[in-house]
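Residue numbers (the working numbering), protein chains in the order written: chain A, 2 to 617; chain B, -1 to 102; chain C, 11 to 185.
In this text, a Cβ means the ideal position worked out from N, Cα and C, and glycines have one as well.
Given the structure is predicted, the values throughout are model-derived calculations rather than measurements.
What follows is a set of notes on a single structure, which appears directly below.
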Amino acid sequence: MSETIWLIPLIPFLSSVALMLFGSRLKITHIGVLGVASVGISALLTLVLAVEFMQNQQVIQASLWTWMEVAGFAPGISFYFDGLTLVMMSVITGVGFLIHLFSTEFMEKDPSYARYFAYLNMFVAAMLILVMADNLLLLYLGWEGVGVCSYLLVGFWYQHNANGHAARKAFIVTRIGDTAMALGLLLLFTELGTLDIQAMVGAANQTWQIGDSIPLVACLLIVCGAVGKSAQLPLHTWLPDAMAGPTPVSALIHAATMVTAGVYLIARTHGLFLLAPTAMTVVAVIGIATSLMAAFTALMQTDIKRILAYSTISQIGYMFLALGVGAWSAGIFHLMTHAFFKALLFLGSGAIIHCLHHEHNIFKMGGLRTRMPMTFWSFMIGSAALAALPMTSGFFSKDQILLQAYQLPDLGPGLWMAGLLGALLTAIYSFRLVFVVFFGQANTEPDKDTGWRMAVPLSVLCFLAMIGGYFMIPVAEVFPASDGSHPAHWVEYVSISVPLVGLLIAYLVFFNRRLNIDGLANSTVGKSLGNFWLSGWGIDWLYDHLFVRPYYGLANLLKSEPVDGIYGLIVALNQTFNHWLSAAQTGRMRWYLASMVAGLIILITLAANLSTGVLQ
Amino acid sequence: MDGLNIPLNHILLVSSLLFAIGMLGLMIRRNIIFILMSLEVMLNAAALAFVAAGAHWGQPDGQVVFMLILTVAAAEVAVGLGLVLQVQKRFKTLDMDHANRMQG
Amino acid sequence: MLEIVFFYIAATVALIATVMAMTRANAIHALIYLIVSLLAVAVIFFLIGAPFAAALEIVIYAGAIMVLFVFVIMMLNLGEKGDKQERQWLKPGIWAGPAVLSVILLVELLVVISDVNGPVSVSVVSAKEVGLSLFGPYVLAVEISAMLLLAGLVGSFHLGRRYLERDHIEKGSSQ
């Protein structure tokens, strides 16, 4: 198996190429089979690989060929496989397969069925390359590949202008981070002479001391890349807009896999980050700040997908917090459980949207509990896991993060408290969603129920979201072991109880209506605060005024080509002179004579001035 | 010759006046024959200045240049009058304003 | 003393005759005035000690060149209609611009020559001296003049011949 590891990304890639070339000639069923089966085979191969890995714990390095060789720089098309890679691959192929299956029903009526699966398969291939890459350059290839696929899928329904706008926004905002990341890679290469991840980390540990400035700069640049891709502050604005794409795409790319690439990147290069404690603190602070900001915003949203998008931002914030406090395996664990329950939630919302005539507003839904029971239970389990209610998958991972954050000296308790606040908010907004959508008055009647191709992925994901917390992810060999100490028991109890409190609040406010917050919401302060949160803390507005509009203004200015204007002026001047001079060519001899005499007068004046100075 | 002599700048004054008159004629006349005549006057004025200067220094060079001017005048008139005949033939008039095909 | 008086008389005659020549409507009248002007200039030449130049002025300028003019004018046969046309063209409006230009130029010339002092030389520069320097230092100029005259000869022959030929052909075709 270890020799054929390259088949795993290759199969979706070939399927994608086939769909691009022949997609228009294939039947819809064939397209679906090809698109799903390719990822399914990859998932099976990953499963085989996982079983093998569990038995022998063997790290695999497979070098296919040398990509290029320039002056000692020889990145290879080579793969590196260890426990971390396995976790990522399992998530990508496993969740990816389920989402592909879901898509066959969700996209059934779409005329661009083949195009959709071509993009989706290409995404899976690129994402696999990203996580399997042995060196940072190949990783960057995958990184950009998923960026392109994300762009294509967000703007999948490109007939609507807003979707194209959202796609461009997603692409450009992540590009800002990617540029910084490319700089980071260049810096690492010039300093260490290699981009091979394992060799690079080894060389870094020999070259630098903890706290040196160069690893700090390199790490911060890499963090910039991760922040862009993972939609953290301050580059998170693209993700809510990216919900313009089809819902399964949001589930796969903008919840489960691509947006966690930043987490993976930092985890993969943790050897560097251990050399730069400041960078880790930055990561932790970014994570917790994003988490809180997004949670507050999610409280106010009315679009079901936007709620989930902000929730994703918030949860990735937790992952960043975990990475920042050195809880590497907890971060990756949360990545995995989040992939399960967030994919579940997105697919559930996809099912609702699919059956409710593309309705996105949660206040126009309601009472769906009895009419879509399958989806209801999916949502219940997903929300429970998201809110980290005890015994769900999210509980185990989030609890680990919070406890390890508490143990961090100095900042620890502060981060823990902020994390708890976030957890409280998470519970409130997730159950607000559930109560508003599935209970109460029915506002819109579903016109169909989910078919088996939607039901199967939902049930599998339900299962995973429930028991995902009992998985032991095989990353002990990858990350440095934690000291194993535990905080006081009351810390743990508080961490467990907070989500329950959140659930209670949500119940009282949105279901039982015992707790009336209308007065609070309608007061001046409440209203302005609510609007502030609804707009995502005004960050979009800020960027719009700070960057987008000045840029458009500049572009408008440059559209008239002011530099060309200088040359145009010369041309215009010449033409004017030409006009004058040709007007002087009257063809009348007396006119010529008069002008000659005028010239003569000037010449004599000059000559007299120069030779005698009489006229001076 | 006696001691009282003609002042050079008076001769030059006459020469300048002749030149200016010739030029004025050149610019105001439309008839090509008068234009040629005006040219003769101007050439003559220049010749006068040369001869006067030569006489001032007691050198023959002034008269040499006078002869050269004479040559130029003769050649110019020969060609110019040939042109007059052609203009009369082509345009049926001697008005130079009719010969304005070089208008730009 | 007498020479100076003669000079001023000749100068006055030359100026008046030139002005008259420039303002006549009739070409023949203008030409006669021009000849008078040239003769007056010849007198000035004689007075300032250049008798050879004076002789050439009379023989070539007033004689040969002016006779050419007379011939051409006679060939064109302008008549009364031409005179009327000329008077029409000589309206005061046409004068203004050229007059200003001419006056400016004249003023400039006067300013330039204003610091010229001293009389012209008393001694006569004889034809012999002129001949010596013509075929001495100026021999190249003489050669160039010869070329110029040749060119003028060929040019006027060419122009005039075509004129005559066409005239001839037109007459032949009308017969």
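- At least 8 Å separates the CB of residue 572 of chain A from every CB of chain C.
- The Cβ atoms of residue 31 of chain C and residue 44 of chain C sit closer than 8 Å to each other.
- Taking C-alpha positions only, residue 70 of chain A is separated from residue 292 of chain A by approximately 43 Å.
- Interface with chain B (8 Å Cβ-Cβ cutoff): residue 150 of chain C is excluded.
- Contact of residue 7 of chain B with chain A is not assigned, every C-beta pair being separated by 8 Å or more.
- For residue 77 of chain A, the enclosing beta strand (DSSP E) has its first and last residue at 77 to 82.
- Judged by pairs of C-beta atoms under 8 Å, the region 90 to 108 of chain A touches the region 41 to 48 of chain A, as three or more such pairs exist.
- For residue 603 of chain A, the enclosing alpha helix (DSSP H) stretches over residues 590 to 612.
- Secondary structure of residue 61 of chain A (DSSP, three-state): strand.
- A straight-line Cα-Cα distance of about 6 Å links residue 47 of chain B and residue 13 of chain B.
- Selection A/524, A/428, A/578 and A/464 evaluated against residue 510 of chain A yields A/428 as nearest (Cα-Cα).
- Contact annotation, residue 40 of chain B with residue 17 of chain B: C-beta distance approximately 6 Å; criterion of less than 8 Å satisfied.
- Contact between residue 136 of chain A and residue 196 of chain A holds, with the beta-carbon distance rounding to 5 Å and staying under 8 Å.
- Looking from the CA of residue 71 of chain C, the closest CA among B/9, B/28, B/33 and B/71 belongs to B/71.
- The contact set of residue 123 of chain C on chain A, defined by CB atoms closer than 7 Å, is empty, because the minimum CB distance reaches about 10 Å.
- Put simply, of B/5, B/23, B/53 and B/30 the residue whose alpha carbon is nearest the alpha carbon of residue 78 of chain B is B/30.
- In chain C, no part has a C-beta under 7 Å from the C-beta of residue 96 of chain B; the shortest such distance is about 12 Å.
- Contact between the region 56 to 63 of chain C and the region 110 to 126 of chain C is absent: fewer than 3 CB-CB pairs across the two stretches fall below 8 Å.
- Contact annotation for residue 595 of chain A against chain C: 107, 108 and 111 [CB-CB distance below 9 Å, chain order].
- If you draw a 10 Å sphere on the C-beta of residue 109 of chain A, you find fewer than 16 other C-beta atoms in it, and that means exposed.
- Taken through DSSP and simplified to helix, strand or coil, residue 74 of chain A comes out as strand.
- Rounded to whole angstroms, residue 376 of chain A and residue 505 of chain A show a C-alpha spacing of 22 Å.
- Put simply, the CB of residue 30 of chain B is far from chain C, with every gap to its CB atoms at 8 Å or more.
- Excluding its 5 nearest sequence neighbours in each direction, residue 172 of chain A has C-beta neighbours in its own chain below 6 Å: 152, listed in chain order.
- With respect to the C-alpha of residue 435 of chain A, the residue from A/538, A/539, A/67 and A/309 having the closest C-alpha is A/309.
- Between residue 10 of chain A and residue 126 of chain A the beta-carbon gap is near 5 Å, inside 8 Å, which marks them as a contact.
- Listed as beta-bridge partners of residue 93 of chain C by DSSP are no residues whatsoever.
- The beta-carbon separation of residue 226 of chain A and residue 178 of chain A, rounded to 5 Å, stays under the 8 Å limit for a contact.
- Close to residue 29 of chain C, with beta-carbon spacing below 7 Å, are these residues of chain B in chain order: 19.
- Taken through DSSP and simplified to helix, strand or coil, residue 67 of chain A comes out as strand.
- With a minimum length of 4 residues, the unbroken runs of alpha helix (DSSP H) contained wholly in the region 529 to 570 of chain A fall at 540 to 544 and 550 to 560.
- Contact of residue 598 of chain A with chain C by beta-carbon distance below 7 Å involves 111 and 115.
- For residue 134 of chain C, there is no enclosing alpha helix (DSSP H), as DSSP marks it with neither H nor E.
- Nearest in C-alpha terms to residue 327 of chain A, of all of A/487, A/284 and A/341, is A/284.
- Distance from the CA of residue 462 of chain A to the CA of residue 349 of chain A, rounded to the nearest whole angstrom, comes to 10 Å.
- In this structure, the alpha-carbon of residue 152 of chain C lies about 44 Å from that of residue 98 of chain C.
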